[in-house]
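Heads up: the sequence shown runs through residues 1 to 321, numbered per the numbering used here.
Let me begin by presenting the structure, written as structure tokens, before commenting on it.
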Amino acid sequence: MSVLIFIDVADGHVKKASLEVLSYGSRLASQIGTGAEAVVLGTVSEDLASLGKYGVQKIHHVNNEMLNHLDSQVYTSVIAQVAESTGAKVIIFSNNVDGKAIAPRLSARLKAGLVSGAVALPDTSNGFIVKKTVFSGKAYAHISINSDIKIIALNPNAYPVAMGEGKADVVSFNAKVDGPKVKVTGVSKASGEVPLTEAEIVVSAGRGLKGPENWGIIEDLAKSLHAALACSRPVADAHWRPHNEHVGQTGIAIAPNLYIAVGISGAIQHLAGVNRSKIIVVINKDPEAPFFKAADYGIVGDAFDVVPKMTAAIKKLKGLA
Ligand SMILES: Cc1cc2nc3c(=O)[nH]c(=O)nc-3n(C[C@H](O)[C@H](O)[C@H](O)COP(=O)(O)OP(=O)(O)OC[C@H]3O[C@@H](n4cnc5c(N)ncnc54)[C@H](O)[C@@H]3O)c2cc1C
């Protein structure tokens, strides 16, 4: 039962989520007494062999420029070819945007059971049972995968990156790459310095900021922490901020190590997208704001007073002031 791990890259760079799945897949491989192999598509500007330090022994590189941008149908076909050639029985993705686009297609193609949103290594003592989050992270389900081939999509930030020693054997895989099924007519890049889904720290703000002209204090705080920017849905709906910053049930789901929410009430639909954050800090002038119940740390105060003071203190601490 060999394990195949999908390495996700953006602009040729390996994403942090990929290091998590490499660590997870390699640990699973040793748990079930097999080897860990990986597959990466398109041009990569990093030393792939060095990814061996996350436990993977062999990496199949389909180095074809046609794969430099995600086309889920083409990616599925290529990954299926690698899976079939390596005889992979467990295939691991990150449950990020790319993983969500590819894993279900691959599941249908390979007739493989899929668990998406996994948060822990499977229990393989009697079968193959994967723990996953359900109901927007409010509960866990334990799902048994009974098919011959099994696919797991691991939630970002649910499994620690484990680094050891070693080099992976990088081999070129000559796959049949179909022409693109969709035509990309334009690409618009998110404006922030740090991509939201990859960020360790996120500074987010809501309607309490009163208007887009006040976002300077949020941007300054984010910059001082090298954080990504996010916002609540009404803020994006009102075009105060771009929709790619909207987090929550109908926006992006994130799980940073630190989530700072400024002037956000903490409605259940907002929490659904951020409650997997490791530490939540809430700044709100209303002590009864529901978000305080989900917070690890709370500051009751006016954002226009608290946030600049926080930024100044952080800059001083970092020697930036
Ligand atoms: C089907 C559905 C899906 C939804 N999906 C999402 C989603 O994905 N994401 C999302 O965010 N919402 C979503 N919503 C909307 C959600 O229910 C809330 O309406 C929304 O999250 C509220 O945004 P807010 O907290 O920015 O604004 P408000 O609820 O208006 O809260 C503003 C907060 O700012 C505080 N405040 C005001 N002034 C200050 C100040 N000077 N300093 C500090 N604090 C201050 C107030 O005390 C208040 O708590 C969805 C709703 C529905 C029905």
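Cβ coordinates follow ideal geometry from the N, Cα and C atoms, glycine included.
Keep in mind it's a predicted model, so treat the numbers as computed, not measured.
Let me make sure I understand the geometry here. Which of the options has the alpha-carbon closest to that of residue i?
i      : options                        : result
Asp47  : Gln73, Met66, His13            : His13
Phe135 : Leu51, Ala272, Leu110          : Ala272
Gly35  : Arg105, Ser23, Val44           : Ser23
Asp178 : Ser30, Asp71, Gln57            : Asp71
Ile92  : Tyr297, Leu154, Ser77, Glu84   : Leu154
Ile152 : Phe304, Pro290, Leu4, Tyr140   : Leu4
Lys100 : Ala118, Ser85, Thr43, Leu229   : Ala118
Ser30  : Thr124, Phe292, Ile217, His142 : Thr124
Ser224 : Arg109, Val203, Val40, Asp286  : Val203
Ser26  : Glu213, Ser277, Gln57          : Gln57
Determine, using beta carbons only, whether residue i comes closer than 8 Å to chain C.
i      : result
Thr133 : Given the protein chain composition of this structure (a single chain), no chain C is represented.
Quick check on the burial criterion: 16 or more other C-beta atoms within 10 angstroms. Buried or exposed for residue i?
i      : result
Leu114 : buried
Met310 : buried
Ser107 : buried
Glu20  : buried
Thr185 : exposed
Val111 : Going by the sequence as given, residue 111 is Lys instead of Val. So Lys111 ends up on the exposed side.
His270 : buried
Gly164 : exposed
Gly248 : buried
Ile279 : exposed
Gly208 : buried
Val97  : exposed
Does the distance between the C-beta of residue i and the nearest non-hydrogen atom of ligand 1 fall short of 7 Å?
i      : result
Lys285 : yes
Thr250 : yes
Phe135 : no
Phe292 : no
Gln269 : yes
Phe93  : no
Asp302 : yes
Arg207 : yes
Ile264 : yes
Since residue i and residue j are thought to touch, with beta carbons under 8 Å apart, how far apart are those beta carbons, to the nearest angstrom?
i      : j      : result
Gly137 : Asn275 : 5 Å
Arg233 : Gly211 : Not confirmed; about 16 Å, so no contact.
Ala335 : Gly263 : The requested residue 335 is not part of the displayed model; the chain covers only 1 to 321.
Ile102 : Thr76  : 6 Å
Ala162 : Ile59  : Going by Cβ atoms, the distance from Ala162 to Ile59 rounds to 17 Å, so no, they are not a contact pair.
Gly266 : Pro290 : 4 Å
Ser94  : Asp220 : With a Cβ gap of about 31 Å, Ser94 and Asp220 do not count as contacting.
Next on the checklist: Can you confirm whether the segment 58-71 touches the segment 169-180 when touching is taken to mean that 3 or more C-beta pairs between the two stretches lie within less than 8 Å?
Outcome noted: yes
Should the segment 249-269 be regarded as contacting the segment 187-207, the criterion being three or more beta carbon pairs within less than 8 Å?
yes
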